[in-house]
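Student: Please find one structure pasted underneath; my questions will follow.
Numbering (this note's numbering), first residue to last: 26 to 285.
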């Protein structure tokens, strides 16, 4: 089994290299899809990790992630059915659902604000923007539980590539989310055209990259974790550490342990 997995990982690595070289996109994408249909999340993670170890930049792996995403829609409910409320992964997925709602709100708000000619202190859109930005910044507790609890357990088992990519993306997004909150709080004191321009850039970066990030965690990282970490006692200890770190203000109550 290990040898078969190694061969498929090597083939997937070769296909990804061809994607990154720009070789016949349709043909190579079809080959990648054919391969991905027959591999699990751990194999995909190992292929990504092997590429990183050989010098591929993490951002170059997004081509493979995009192809994987196209094929995995509908799989999240299957994953959620395998874990119960209070399980570390159930909570993280539930928080993702809430974060995606905030991204939808941000998209709508930015669309409306870009049509405005001047700042209107009476418009409800600006307090709403501050509300959304505050909650996106609040998601740092979500990322901290991943970085301090989930990722280290994967890394102990040799799965280092996906956590490295996710940490990199957390870092990229962290500064943008803080800037979004700063903009939302400073709109009344800024030149409105300059505000709109920067808001548009920051909001679109967050919306695109955070949606992409969540998809990769839901469909690649979390399934890898569930397949790799089999000990229920370990998951329970991880949950207790997560409880100590704390939860986001928007974490659904049913996703937490009783009393938290």
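Every residue, glycine too, gets a C-beta built ideally from N, C-alpha and C.
Keep in mind the model is a prediction, meaning the values are calculated, not measured.
With a cut-off of 8 Å, do at least 3 Cβ pairs link the stretch 122-129 to the stretch 207-223?
Tutor: No, the stretch 122-129 does not touch the stretch 207-223.
Student: To the nearest whole angstrom, what separates the beta carbons of residue 113 and residue 263, a pair I think is in contact under 8 Å?
Tutor: Position 88 of the chain shown holds residue 113. Position 238 of the chain shown holds residue 263. With 8 Å as the limit, residue 113 and residue 263 qualify as a contact, their Cβ atoms being about 5 Å apart.
Student: Measuring CA to CA, which of 179, 202, 211 is closest to residue 254?
Tutor: As a first step, residue 254 is located in the chain shown; it is residue number 229 there, counting from the start. Considering only alpha carbons, the answer is 179.
Student: Within 10 angstroms of the Cβ of residue 186, are there 16 or more other Cβ atoms? Answer buried if so, exposed if not.
Tutor: In the chain shown, the residue the question calls residue 186 occupies position 161. The residue in question, residue 186, is buried, as its Cβ has 16 or more Cβ neighbours within 10 Å.
Student: Quick one: residues in its chain with C-beta nearer than 6 Å to the C-beta of residue 331, no 5 flanking neighbours on either side, listed in chain order?
Tutor: There is simply no residue 331 to check, as the chain begins at 26 and stops at 285 in what is shown.
Student: When burial is assigned at 16 or more other CB atoms within 10 Å of the CB, is residue 270 buried or exposed?
Tutor: Locating residue 270 in the chain shown gives position 245, where the first residue counts as 1. Classification for residue 270: exposed.
Student: Thinking C-alpha only, which one of 80, 199, 234 is nearest residue 168?
Tutor: Here residue 168 corresponds to residue number 143 of the chain shown, with the count starting at 1. Nearest of 80, 199, 234 to residue 168, Cα basis: 199.
Student: Considering only the beta carbon of each residue, do residue 275 and residue 160 sit closer than 8 Å?
Tutor: Taking the first residue of the chain shown as 1, we reach residue 275 at position 250. Taking the first residue of the chain shown as 1, we reach residue 160 at position 135. Contact flag set, yes.
Student: At the level of alpha carbons, what is the spacing between residue 164 and residue 49?
Tutor: If you number the chain shown from 1, residue 164 lands on position 139. If you number the chain shown from 1, residue 49 lands on position 24. One C-alpha to the other measures close to 40 Å.
Student: CA-CA distance, residue 278 and residue 181?
Tutor: Here the question's residue 278 lines up with position 253 in the chain shown. Here the question's residue 181 lines up with position 156 in the chain shown. Those two C-alpha atoms are separated by around 31 Å.
Student: Beta carbon of residue 231, beta carbon of residue 201: below 8 Å?
Tutor: The residue given as residue 231 occupies position 206 in the chain shown. The residue given as residue 201 occupies position 176 in the chain shown. Their beta carbons are under 8 Å apart, which means residue 231 touches residue 201 by this criterion.
Student: Here's the rule I'm using: 16 or more other beta-carbon atoms within 10 Å means buried, otherwise exposed. How should residue 250 be labelled?
Tutor: Residue 250 sits at position 225 when you count from the first residue of the chain shown. When all chains shown are included, residue 250 counts as buried.
Student: Thinking C-beta only, is residue 204 closer than 8 Å to residue 174?
Tutor: Counting from one through the chain shown, the residue named residue 174 turns up at place 149. Counting from one through the chain shown, the residue named residue 204 turns up at place 179. No, Cβ-Cβ distance for residue 174 and residue 204 is not below 8 Å.
Student: For a test of the three-state rule: what should DSSP assign to residue 312, helix, strand or coil?
Tutor: The chain is shown only over 26 to 285; residue 312 falls outside these bounds and no answer can be derived.
Student: When burial is assigned at 16 or more other CB atoms within 10 Å of the CB, is residue 102 buried or exposed?
Tutor: Your numbering for residue 102 matches position 77 in the chain shown. Classification for residue 102: exposed.
Student: Got a sec, what are the start and stop residues for the alpha helix (DSSP H) residue 124 sits in?
Tutor: Locating residue 124 in the chain shown gives position 99, where the first residue counts as 1. Looking at the DSSP string, the run of the alpha helix (DSSP H) that includes residue 124 is 113-139.
Student: Can you tell me where the alpha helix (DSSP H) holding residue 184 begins and where it ends?
Tutor: As a working mapping, residue 184 is identified with position 159 in the chain shown. First-last for residue 184: undefined, no H or E at that position.
Student: Which runs of the alpha helix (DSSP H), 4 residues or longer, sit entirely within the stretch 184-231?
Tutor: The qualifying runs are 186-211.
Student: Out of 46, 217, 241, state which residue places its alpha-carbon closest to the alpha-carbon of residue 140.
Tutor: Within the chain shown, numbered from 1, the residue matching residue 140 stands at position 115. Measuring from the Cα of residue 140, the nearest candidate turns out to be 217.
Student: Pop quiz: residue 246 and residue 191 are said to be a contact at Cβ under 8 Å. What is the actual Cβ separation, rounded to whole angstroms?
Tutor: One-based indexing of the chain shown puts residue 246 at position 221. One-based indexing of the chain shown puts residue 191 at position 166. Yes, residue 246 and residue 191 are in contact; Cβ-Cβ is about 6 Å, under 8 Å.
Student: Determine the burial state of residue 188: buried for a count of at least 16 other Cβ atoms within 10 Å of its Cβ, exposed for fewer.
Tutor: Numbered from 1 along the chain shown, position 163 holds the residue referred to as residue 188. Buried.
Student: Could you please give the first and the last residue of the uninterrupted alpha helix (DSSP H) stretch that includes residue 161?
Tutor: Residue mapping note: residue 161 aligns to position 136 of the chain shown, counting from 1. Its alpha helix (DSSP H) spans residues 150-163.
Student: Between the C-alpha atoms of residue 267 and residue 240, what's the straight-line distance to the nearest angstrom?
Tutor: On the chain shown, position 242 is the one that residue 267 refers to. On the chain shown, position 215 is the one that residue 240 refers to. Distance between the alpha carbons of residue 267 and residue 240: 22 Å.
Student: Here's the rule I'm using: 16 or more other beta-carbon atoms within 10 Å means buried, otherwise exposed. How should residue 120 be labelled?
Tutor: Numbered from its first residue, the chain shown carries residue 120 at position 95. So residue 120 counts as buried.
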